[in-house]
Amino acid sequence: MEQGAQKKAVPSLARATGSMAIATMVSRLTGFFWKLMLGWIVGFGVIQDSFTIANTLPNIIFELLLGGVLASIVVPLLVRSHDDPDGGQTYINRLLTVGMTGLAIATVIAVALAPVFTRIYMDGSTGKANPELATAFAYLLLPEILFYGLFALLSAILQAKHVFGPTAWAPVVNNLVVMATLLAYTIVPGELSLNPVRMGDAKLLVLGIGVTLGIVVQAVILLPALKRIGFKYKWTWGFDARLKEFGGLALWILGYVLISQVGMVVTQRVLSRGDAGGVSIYAQAWLLFQLPYGVIGVSLLTAILPRMSRAAADGDTQKVVDDLSTGSRLSAVMLVPISAILTVSGVAVGIALFRAGATDLSQATRLGTALAFSAFGLLPYALVMLQLRVFYAMKDARTPTLIMLVMTVVKIPLLYMCDAVVEPGQVVIGVLLVNSLTFVVGAVLGQMWLWVRLGNLHSKKIITVIAKSVLAGLAGIGAAWLATRLLMPGQIDSMLRAWIVLIVQSLIGGVVMVGVLMALKVPELKPATSRITRLVRRG
Amino acid sequence: MTTRRTEYPTGEDAAGRGAGPGFLVPGGVIGDGRYRLVAQFGVDQRMNAHFWRAQDSYLRRDVALTLLAGDPGDAAAVAAARRTLERAAHATTLNHPGKARVLDVLSQGSGIGAGEGLIGIIVADWVRGTDLIDLVAEYPVPSAIAASLLEPLAAAAEAAHHTGLVLGLDHPQRIRVTPQGTLFLAFLGAPAEASLHDDVSGLGAILYLLLTGRWPLPGGPEGVPAAPLGPDGHVVAPRALYSYIPQELSEVALRCLSGDSIGGIRTSAGLIRVLERAKYIDDETHQLQAISDDDDYEDDGTVWTTRRPSNDRATRRKLAVGVTALAVATVGVLAWLGMQLISFFGDTEPGAGGPTIVATAPGGNPQNGPPPPQPGEPIQAAGVRVYNVKGTADNPRRATFAVDGDLKTAWKTDAYAQPFPALKPGIGIMASFAEPVPFAEVIIDSPSDGTVIEIRTAPTERPKLDETKVIGRATLQAGQTKLQLDSAEPTQHVLIWITTLAEGNVSELTEIRFLRASDN
Chain A
4 MEQGAQKKAV PSLARATGSM AIATMVSRLT GFFWKLMLGW IVGFGVIQDS
54 FTIANTLPNI IFELLLGGVL ASIVVPLLVR SHDDPDGGQT YINRLLTVGM
104 TGLAIATVIA VALAPVFTRI YMDGSTGKAN PELATAFAYL LLPEILFYGL
154 FALLSAILQA KHVFGPTAWA PVVNNLVVMA TLLAYTIVPG ELSLNPVRMG
204 DAKLLVLGIG VTLGIVVQAV ILLPALKRIG FKYKWTWGFD ARLKEFGGLA
254 LWILGYVLIS QVGMVVTQRV LSRGDAGGVS IYAQAWLLFQ LPYGVIGVSL
304 LTAILPRMSR AAADGDTQKV VDDLSTGSRL SAVMLVPISA ILTVSGVAVG
354 IALFRAGATD LSQATRLGTA LAFSAFGLLP YALVMLQLRV FYAMKDARTP
404 TLIMLVMTVV KIPLLYMCDA VVEPGQVVIG VLLVNSLTFV VGAVLGQMWL
454 WVRLGNLHSK KIITVIAKSV LAGLAGIGAA WLATRLLMPG QIDSMLRAWI
504 VLIVQSLIGG VVMVGVLMAL KVPELKPATS RITRLVRRG
Chain B
780 MTTRRTEYPT GEDAAGRGAG PGFLVPGGVI GDGRYRLVAQ FGVDQRMNAH
830 FWRAQDSYLR RDVALTLLAG DPGDAAAVAA ARRTLERAAH ATTLNHPGKA
880 RVLDVLSQGS GIGAGEGLIG IIVADWVRGT DLIDLVAEYP VPSAIAASLL
930 EPLAAAAEAA HHTGLVLGLD HPQRIRVTPQ GTLFLAFLGA PAEASLHDDV
980 SGLGAILYLL LTGRWPLPGG PEGVPAAPLG PDGHVVAPRA LYSYIPQELS
1030 EVALRCLSGD SIGGIRTSAG LIRVLERAKY IDDETHQLQA ISDDDDYEDD
1080 GTVWTTRRPS NDRATRRKLA VGVTALAVAT VGVLAWLGMQ LISFFGDTEP
1130 GAGGPTIVAT APGGNPQNGP PPPQPGEPIQ AAGVRVYNVK GTADNPRRAT
1180 FAVDGDLKTA WKTDAYAQPF PALKPGIGIM ASFAEPVPFA EVIIDSPSDG
1230 TVIEIRTAPT ERPKLDETKV IGRATLQAGQ TKLQLDSAEP TQHVLIWITT
1280 LAEGNVSELT EIRFLRASDN
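Protein chains in written order, with the numbering used here: chain A, 4 to 542; chain B, 780 to 1299.
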């Protein structure tokens, strides 16, 4: 679901970009921080598992109902409706009226079906998960759907009017509310009774209502901004005929979301069969996994992506191929070293971030191990994301859906194999491993189909750079491992020690890897390093 | 494949105000407010000409518009547009069923307002029909039908050429198919530099498109696959793609295309003669097969012209499928190896504790759970009963003996003929408490060495077995066994569940004590 949340309209005003970047960064950091707090305060166990699943439900349902449709249809039409005689007022009013009424009905139905949803996403048959608790959370969290929708619609309206600030900062406010909620959770007396689950438990209510309140605030905070641009809401019922035009495209995007949800359901069921805490470890490790791509990958590719999309829209195959190749090679040089560092010091990362409060050493270690086992998937993940953009730019929504289908078809048996082969406690590590492996399949598949459609993709050049990066990565892993072996042998058992190990390993590994890359004369190193230095200087 | 087209009802909703670049959207109004755009039918990128169906709001009828977009300040573009408009104006003198009737020609200052971003509009009659590209999108047209479709268009070209008029046939989106099954030129306005011969090679290209579904000239529209190129850099013969195509048609298409070179056809008259004959050829239409993969074709022939001709899309496709299958297989093997590695790492974690203290998380691995809660005071159960899911309960009235604090009394299971789960999945004692309590330990005194016990929490006093949750598991040893529970989550009902009986398929529980988690 994290992928869905990243869909943000690219700001068109140069002036807005700077503050937007800060807002996005702050929102990412605060978002990450409250996840850390959740780990510290609630711990990795049945409670966080149940909360995590219940909290993704509204996101999933919203995404299915409106997410894809919004990005691909409503926003373009919003821009177009500016040329209406009334400047788009009627269109917006109609959109809000119909959209919110639909979502309100959907929310009511979803809340009624909460037990069904939690039983789809959780397999309680081994007694390791607690669907009742997840259901209780879901009753409190599912109303978020309505406010996700309101937020999405309002920010789309604002962005169409080139107002970017409030929509960028609203998620930060949400994160702050959630942080306050977590603090309240620690203060409130009583305990969460797990069997039987009691809706009246103070902690349950605080966590559930507080997190929902965050989303409510996130949406409501946009209303003043809307007033400032002179918008007046009026109940307007009806259906805009222009919406029909996009039906086909949206269907494939919806298919993409649906298929990815099938994979998600199996993943969560296998995790909840495995061991208590599996679901939460998976969620946190996945968040950590995406972080390098989110920070470095995106900033690196923002320069390339719009150019590439434009070339693809113009049908300029040669330019698309050139940009795709450059993007792939830059990603390789940037992300493979990070994968290497995560592989060697995954455990240290897990302990450094989570060994505090309610999280004990073994849980933090497992999270770290899971990260280490899946770190190799970083580059395939980035490549899949890059290829998706190319397909969408070529107005092909079908191929990405088919690629997702193949990935899911590969993933499901592997997940069940994981369930059968791996010890229950280690299932989460296996699941993340499978996750990364399916991205490998996706990246190969995407590259092959782009090759079929576009012709020569300079794949040899890309593979050479990847091979060189992997070589450098291996050297870095070796050096970092050896250094910690010699300098500080023994188990990592505290947060402080983990931080020291992490820093030492990153420094040694990083230096060795850059050295090897330079020795191998990888030309892509230069733009990558200069971009980082620029980023650092700006930050 | 059907080319996506935007078609709108032209109600009040779609009303547009127009003006400014990027205004070419359905509902937009151009030509000093006279024409309202309805749907786009194509674009000729080479001359930046956009083909639209529009509504004439004065005369309330549909028209076909060829919009020449461009910057009025660009002298070269304006000159080219003027030439195109002049040619279209000449075309008003010619009436032929193979081409649409030109109604009007608008240029900047006469019919087009400033700031519309247009430097010329050609207005023609709108004739109902379908797109040529849609016709061939699903599968190529049988040879005889192709010939009869093309003939009226070739005749129109012939008639035009007699008067020295160039039609501009070298773009497939200009051409449409009438309900009567003939081709006609729907969007007029030949490119400034087009010659009579370009019309002939355009006809050849259209024939090629009808026969094969591919466009052989450069600058074809998006969504129409380009014709494959042979080793000599020319397009391959239609017959090389579909062997059922008659030699004569295949050849005439190529000869029209090759034009100036030796053997090329330079006038449409030559083409018409061949088409006349071809109409009556009964080719083996039953051999027609849909192009299985037409959807993924895109005009990229240019990228591959320097490559070996064998390296075409079909081969690539096969290779792609092969490589993908290989990748999937590799990933499967890697996943298995990775999981072995994970299990290996898992095994190296320290095992369970001392001889009598059996600390158990559900995974059977003490490192897996959250920190075990510290045991506090013992707590007395409010009531106990035998928990049985199948058959009759074992000694139900003696259940209290297991919690009476007396080591001389005990609760005993029946003696079974076969081990569980032959007759029952298991048997157990359900202990209920006055209020939900967080438990840390359960201590069991039993003489039955080898009995396997699970501690489960239960939502009610009489739950179904699958409603209960395992929070500890141990194999009892003769004497006292402490079971450390892996979580201190409060519960009101605790089930002591025997899954494996001791020797003789009977087990005896002398005493069960519950310790609550301490509050720190």
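The C-beta atom is built at its ideal place from N, Cα and C for all residues, glycine as well.
*Given that B/Met826 touches chain A, what residues does it touch there, using C-beta distances under 8 Å?*
What B/Met826 touches in chain A: nothing, since even the nearest Cβ is about 16 Å away.
*asked:* Quick check on DSSP: helix, strand or coil for B/Glu1287?
replied: Residue state for B/Glu1287 is assigned as strand, using DSSP reduced to three classes.
_Closest Cα partner of A/Met125 within the set A/Ala279, A/Arg231, A/Ala378, A/Phe47_ = Nearest of A/Ala279, A/Arg231, A/Ala378, A/Phe47 to A/Met125, Cα basis: A/Ala279.
*So A/Thr487 is in the alpha helix (DSSP H); what residue range does that whole segment cover?*
First-last of the alpha helix (DSSP H) with A/Thr487: 462–490.
*asked:* From the DSSP secondary-structure annotation, give me the bridge partner or partners of B/Val1163.
replied: DSSP lists B/Ala1210 as partners of B/Val1163.
_Taking CB distances under 8 Å as the criterion, tell me whether B/Thr1103 reaches chain A._
Interface annotation, B/Thr1103: in contact with chain A, CB-CB separation under 8 Å.
*asked:* Please list, in chain order, the chain B residues whose beta carbon lies closer than 7 Å to that of A/Ile432.
replied: Those within 7 Å of A/Ile432 in chain B are Ile1121.
_As assigned by DSSP and simplified to three states, the class of A/Asp399_ = A/Asp399: coil per DSSP, three-state reduction.
_Interface partners of B/Arg1095 on chain A, CB under 7 Å_ = Identification of chain A residues near B/Arg1095 by a Cβ-Cβ cut-off of 7 Å yields Trp454, Val455, ordered along the chain.
*When B/Leu1020, B/Val1216, B/Ala973, B/Ala867 are compared against B/Arg993, the one with the closest alpha-carbon*: Among B/Leu1020, B/Val1216, B/Ala973, B/Ala867, the Cα nearest to that of B/Arg993 is on B/Leu1020.
*Start-to-end residues for the alpha helix (DSSP H) that takes in A/Gly513*: That run of the alpha helix (DSSP H) goes 498–522.
*8 Å Cβ cutoff met for B/Ala965 and B/Arg955*: Cβ distance < 8 Å, so B/Ala965 and B/Arg955 count as in contact.
_Option nearest B/Met1209 by Cα separation, candidates B/Ala1219, B/Glu1246, B/Val1165, B/Glu1282_ = If we check each option's Cα against that of B/Met1209, B/Val1165 comes out closest.
*For B/Leu1294, decide whether its Cβ has a neighbour in chain A, counting only Cβ atoms nearer than 8 Å.*
It does not: the Cβ of B/Leu1294 has no partner Cβ on chain A nearer than 8 Å.
*Between A/Ala486 and the rest of its own chain, which residues show a CB-CB distance below 8 Å, the 5 nearest in sequence each way excluded?*
Result list for A/Ala486: Val507, Gln508, Ile511, in chain order.
*How should B/Arg825 be labelled, buried or exposed, when 16 other C-beta atoms within 10 angstroms of its C-beta is the threshold for buried?*
When all chains shown are included, B/Arg825 counts as exposed.
*With contact counted as at least three CB pairs below 8 Å, one residue from each stretch, are the region 927–945 of chain B and the region 838–851 of chain B in contact?*
Remark: fewer than three beta-carbon pairs, one from each stretch, lie closer than 8 Å, so the region 927–945 of chain B and the region 838–851 of chain B are not flagged as touching.
*Find the nearest neighbour of A/Gly213 within the set A/Val265, A/Asp52, A/Gly513, A/Glu147, judged by alpha-carbon distance.*
Looking at the Cα atoms, A/Glu147 is the closest of the given residues.
*Quick one, which residues of the region 125–136 of chain A are near chain B if we go by CB-CB under 9 Å, in chain order?*
Considering only beta carbons, the part of the region 125–136 of chain A lying closer than 9 Å to chain B consists of Gly127, Ser128, Thr129, Gly130, Lys131, Ala132, Asn133, Glu135, in chain order.
*Which of helix, strand or coil does DSSP assign to B/Asp841?*
Correct three-state label for B/Asp841: strand.
*Using a Cβ-Cβ cut-off of less than 7 Å, list which residues of the region 416–440 of chain A approach chain B; keep chain order.*
Within the region 416–440 of chain A, the residues whose Cβ lies closer than 7 Å to any Cβ of chain B are, in chain order, Leu417, Met420, Cys421, Val424, Val425, Glu426, Pro427, Gly428, Gln429, Ile432, Gly433, Leu436, Val437, Leu440.
*From what residue to what residue does the beta strand (DSSP E) around B/Gln834 run?*
Taken as a continuous stretch (DSSP letters only), the beta strand (DSSP E) holding B/Gln834 covers 828–835.
*With DSSP collapsed to three states, give me the class of B/Ser889.*
Three-state DSSP puts B/Ser889 in a strand.
*Return the first residue and the last residue of the alpha helix (DSSP H) that A/Gln293 is part of.*
Unbroken alpha helix (DSSP H) run through A/Gln293: 281–295.
*Taking 7 Å as the cut-off, is the CB of B/Asp811 close to at least one heavy atom of the ligand MG?*
Because no ligand of any kind appears in the structure shown, any question about the ligand MG cannot be addressed here.
_In DSSP terms, what A/Ile95 is bridged to_ = As DSSP reads the structure, A/Ile95 sits in no beta bridge.
*Express the C-alpha separation of A/Leu453 and A/Asp319 in angstroms, rounding to a whole number.*
Cα to Cα, A/Asp319 sits roughly 14 Å from A/Leu453.
*So which residues on chain B does A/Tyr350 lean against when the C-beta distance must stay under 7 Å?*
According to the sequence provided, residue 350 of chain A is Val. The question's Tyr does not apply to it. By Cβ distance, chain B contributes nothing, its closest Cβ being about 10 Å from A/Val350, past 7 Å.
_Using beta carbons (cut-off 8 Å, strictly below), is B/Leu846 in contact with chain A?_
No, its Cβ sits nowhere closer than 8 Å to a Cβ of chain A.
*Answer with yes or no whether the minimum CB distance from A/Leu16 to chain B is below 8 Å.*
Bear in mind that a pLDDT of 38 at A/Leu16, under 50, signals an unreliable position, so the model cannot answer this.
*Compare the C-beta of A/Phe376 with all C-beta atoms of chain B and state if any pair is closer than 8 Å.*
Among the CB atoms of chain B, one or more fall inside 8 Å of the CB of A/Phe376.
*Give me whichever residues DSSP pairs with B/Val1216 in a beta bridge.*
Beta-bridge partners of B/Val1216 (DSSP): B/Thr1270.
*With 16 as the cutoff for other CB atoms within 10 Å, does A/Gln390 come out buried or exposed?*
Result: buried.
*Go ahead and pull the three-state DSSP assignment for B/Tyr814.*
Under the three-state reduction of DSSP output, B/Tyr814 falls in the strand class.
*Proximity test, Cβ basis, 8 Å: A/Ser194 and chain B*: Looking at the sequence shown, residue 194 of chain A is not Ser but Glu. By this cut-off, A/Glu194 is an interface position.
*asked:* According to DSSP, is B/Val1168 part of a helix, a strand, or is it coil?
replied: Residue state, collapsed to three classes: coil.
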